[in-house]
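Residue numbers (this note's numbering): 344 to 816.
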């Protein structure tokens, strides 16, 4: 652990090195500071723990204190036990295909704002962009409209409070945020003693006010809009035994903000990076986009974009190579016996409170499951076969990310629009090969993401995406 402590190696690299030290073991152990961790490297055992024995390992270790962060603590990732089950059951219908289709038009408008900004900025010339900044504006606006029910255009107004608070609250390169996160995970009593809030009152009060104002206006004016706020408002009067007040609604909308503002824009950055350094991939994607535009008469639909197999393959391969969550965690709630780690070993008893990790980054780069694992090759996923025990960018089992469909649709629409209207090219500041920072917990490259965007000279005019011929707005 010393190389990690002195930042000579990143956390994910350390975990991968330890994973590779035990090629024949089902699991191994390590200490995360003072906390013992069981690291499961056998795919069958991962499936057993995450799915078959889920009731024994149903919780996450909380990273937010309910007293210090009352709104953020209510988010689904942080909830445990029966409260998590109740809220998950309540929200699952909100992420069906029909509900995603309702939000499709809202996302398309945000993607249109992005491409209009690039075209206006560049004209017919080529311009270099900080892709993290550009794509964070897109994810910010998408979350604002789909989760909070407000329209924001961060390309025209980059100083809007929604965007500025997002950058302030969720900067993955902020060492203070990383420190507080580690304290809540590993030393929760100390974090409580020193009153370490993950998110300040300014952030929570802002989002609570946004939700309260939106709900009040819709109740008074009879406004109905295809977004998350509307779905939650419709659940207020259901006989589900859950008190669904403004605090709860804010907390669940805040889940989108926590999970979508930074992580999804980072995933998009890695995808556009790989597209820029693999011109054959970019060319094939553009051919698939052109086919969709011909089939839909220049008005891409929800169904058409979701049928794009090569686009899916590119996204899947990028998420394999650059797993934003480089490990997943489960916390034992019921004493369980694990099989021997090695053929000559003995069974191990895991007790309530013990923590388990699934080393996603290491599994995704294991040559046993992915030949030439460090090579970017979307063809791996073209046949549609995915083994979820060795491919889990959004998690596995009942605690898989509830917003994975939302995130994938957000990514697909952005890529569709960007490649429809622009060529993505390398810049002198583009790092090849890409190397990962060692001093951040999250996945992030040295040198950031810098790419050139060149608007196409002959382009089809921007047309709002349609779903079954009905505008999504």
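Glycine residues also receive a C-beta, built at the ideal position from the N, C-alpha and C atoms.
Since the model is a prediction, treat every value here as computed from it, not as a measurement.
Own chain partners of residue 373 with C-beta closer than 7 Å, once the 5 adjacent residues on each side are dropped: Only 361, 380, 382 meet the Cβ criterion.
Proximity below 8 Å, CB of residue 375 to CB of residue 503: In this structure, residue 375 sits away from residue 503, with a CB-CB distance that is not shorter than 8 Å.
Beta-carbon spacing of residue 593, residue 554 below 8 Å: In this structure, residue 593 lies near residue 554, with their beta-carbon atoms less than 8 Å apart.
Alpha-carbon to alpha-carbon, residue 764 and residue 482: Computed Cα separation, rounded: 19 Å.
Boundaries of the alpha helix (DSSP H) in which residue 386 is found, first to last residue: For residue 386, the enclosing alpha helix (DSSP H) covers residues 386-390.
Continuous alpha helix (DSSP H) stretch holding residue 457: start and end: Taken as a continuous stretch (DSSP letters only), the alpha helix (DSSP H) holding residue 457 covers 440-465.
Identity of the residues DSSP links to residue 693 by a beta bridge: Residue pairing by DSSP puts residue 693 in a beta bridge opposite 679.
Residues near residue 394 by beta carbon distance below 8 Å, same chain, minus five either side: Here the set comprises 739, 740, 741.
The ligand GTP heavy atom lying under 7 Å from the CB of residue 415: No copy of the ligand GTP occurs in the structure displayed, which carries no ligand at all.
DSSP beta-bridge partners of residue 798: Partner(s): 765.
Neighbourhood of residue 625 by C-beta, 8 Å cutoff - its chain only, sequence neighbours within 5 removed: Within the same chain, Cβ atoms closer than 8 Å to the Cβ of residue 625 are found at 618, 619, 762, 766, 767, the five residues on either side in sequence being excluded.
Distance CB(residue 628)-CB(residue 657) smaller than 8 Å: Cβ atoms of residue 628 and residue 657: closer than 8 Å.
Residue 653 versus 639, 640, 674, 630, residue with shortest Cα-Cα distance: It is 630 whose Cα lies nearest to the Cα of residue 653.
Helix, strand or coil at residue 565 [DSSP, three-state]: In the structure shown, residue 565 sits in coil (DSSP, three-state: anything other than H, G, I, E or B).
Straight-line Cα distance separating residue 449 from residue 556: Taking the Cα positions, residue 556 is about 20 Å away from residue 449.
Residue burial classification, residue 407 (beta-carbon count within 10 angstroms, cutoff 16): Classification for residue 407: buried.
Residue 661 (DSSP reduced to helix, strand or coil): In this structure, residue 661 counts as helix in the three-state DSSP scheme.
Beta-bridge partners of residue 372, as assigned by DSSP: According to the DSSP secondary-structure assignment, residue 372 is paired through a beta bridge with 381.
Inter-stretch contact (C-beta, 8 Å, three-pair minimum) for the segment 558-578 and the segment 388-402: No, because fewer than three Cβ pairs between the segment 558-578 and the segment 388-402 fall closer than 8 Å, the two stretches do not touch.
Buried versus exposed call for residue 440 [16 or more other C-beta atoms within 10 Å across all chains shown]: Residue 440 should be labelled exposed.
Close Cβ partners of residue 751 (< 8 Å) along its chain, the five nearest in sequence each way excluded: Hits under 8 Å: 658.
6 Å Cβ shell around residue 575 - same chain, five flanking residues per side excluded: Hits under 6 Å: 592.
For residue 371 and residue 615, the rounded distance between their alpha carbons: Cα-Cα distance, rounded: 36 Å.
Close beta carbons around residue 735, own chain, < 6 Å, minus the five adjacent residues each side: If we look at residue 735 and ignore the five residues flanking it on each side, its Cβ neighbours are 703.
For residue 539, three-class secondary structure by DSSP: Coil, per DSSP.
For residue 643, the three-state DSSP class (helix, strand or coil): Three-state DSSP puts residue 643 in coil, outside helix and strand.
Cβ-Cβ separation, residue 389 to residue 666 (assumed contact under 8 Å), whole Å: Contact between residue 666 and residue 389 is ruled out by a C-beta separation of about 14 Å, above the 8 Å threshold.
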